Each structure stands twice: as structure tokens, then as C-alpha cells.
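In this note's numbering, the protein residues as written are 384 to 583. Glycine included, each C-beta is placed from N, C-alpha and C at the ideal position. Everything numeric in this text was worked out from a predicted model, so none of it was measured. Okay, structure first, notes after.
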């Protein structure tokens, strides 16, 4: 009798484990096919700089910007992904690429995303875009280094990081209007973007 119970217990365990694995595989497949929404990513926002692991800035891999000959180095484990592929219409946590008082910034074509960690950097990349297309006046911008500028936002808002990495490729940061920011937080964030894009 004990042997029979033991065998039944093993069979039930195998059945339950198999069901869990099958369910997980089906859910993963449906997310990959776009039938289910992907889990909400975490983002490098202005207010959570301390959550951004510096290790992502250490080792970098080369990737090509789709539709161009331009290659850039991004943190290992990340990839360039189309913004629209992970953007969710009603996701309040998704970064909005707001313009500042000096800029007209729209949504980017690509962002840098880590699928494994479900983590996105709030740095957009657009092809066929130049700084002069979005800025009314270069005098409104502070030059940080060659082809790299800062658009100062109103007090309490996020400063915009802009970098022309090619004649027709513009990189820019999210300008958040969702939280009150200190100058220190803005400076920390700009330092991260300068480090990340130094080889671009």
C-alpha cells in the first residue's frame, strides 16, 4: 500500500511539474508572438539613478544601427530594439520623450534594452534627424563636447542630452516631466550618458 501511495505521489508530482513547464512555455511563446503583452520593463529614470547598475557601463559590445552603416558600443547584455515594439499605449511607466522649452522631440526609433533584466535605458536613437531639426537655436544649447549638447530644462525638470553621432543619426535622452529634479540628479544622469556614448 505504501509503495502504491509513493508511486501515485511521484506520478502526480511529474504531472504537476509537466503542467507548470508547459504553461510557462506557452506563456513565453505567446509573449514572443505578440499575443500577450511583454512584462513591463524597468527604466533608467531621472529619479532612480541609484538603481542603475554601473556594471552596465563597463563591458561593451558593438552593434549596428539598423538601416545604416553606423556601429556603436552598448553595454553587454543590451540590444537596440525598436521603441514601438515595447512601448505600451497606456503604460504610465514607459518613458515619454518630451520636448523641453527649447526642443521638439518625438518618439525615437530605437532604445537600448536588456531583455534578460527587463531593463531599458531612456536614451533614444533616430535616423534621418539632426540637432537643428529639433532645436530652434544653437544658442539655447550648452556644448558639452564635439557634437554633444545639453538643453537646459525649466527648474525641476529633466535636462535633455543630445548627441549627433553621424550626419543623419541623433541620440537624445528622455526629458521627464514627471518628477521634481535637483541639479545634482540632472548632472549624474548626463555623466552616465556621456560615459555610455563616448565611443559613438
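{"Query": "What three-state label does DSSP hand residue 459 in the structure shown?", "Result": "coil"}
{"Query": "Can you check DSSP and say which residues form a bridge with residue 549?", "Result": "552"}
{"Query": "What number of angstroms, rounded off, separates the C-alpha of residue 393 from the C-alpha of residue 583?", "Result": "57 angstroms"}
{"Query": "Could you pull the start and end residues of the alpha helix (DSSP H) that residue 470 belongs to?", "Result": "Segment: none, residue 470 is in no alpha helix (DSSP H) and carries neither H nor E."}
{"Query": "Apart from the five residues on each side of it in sequence, which residues of its chain come closer than 7 angstroms, Cβ to Cβ, to residue 465?", "Result": "492 and 493"}
{"Query": "Helix, strand or coil for residue 508? Go by DSSP, reduced to three states.", "Result": "strand"}
{"Query": "Hey, out of 571, 504, 569 and 462, whose CA is closest to residue 444's CA?", "Result": "462"}
{"Query": "Let me confirm a value: residue 390 is counted as buried when at least 16 other C-beta atoms fall within 10 Å, else exposed. Which label applies?", "Result": "exposed"}
{"Query": "Quick check: the segment 543 to 552 against the segment 509 to 524, are at least 3 beta-carbon pairs closer than 8 angstroms?", "Result": "yes"}
{"Query": "Does the Cβ of residue 531 have 16 or more other Cβ atoms within 10 Å, making it buried, or fewer, making it exposed?", "Result": "buried"}
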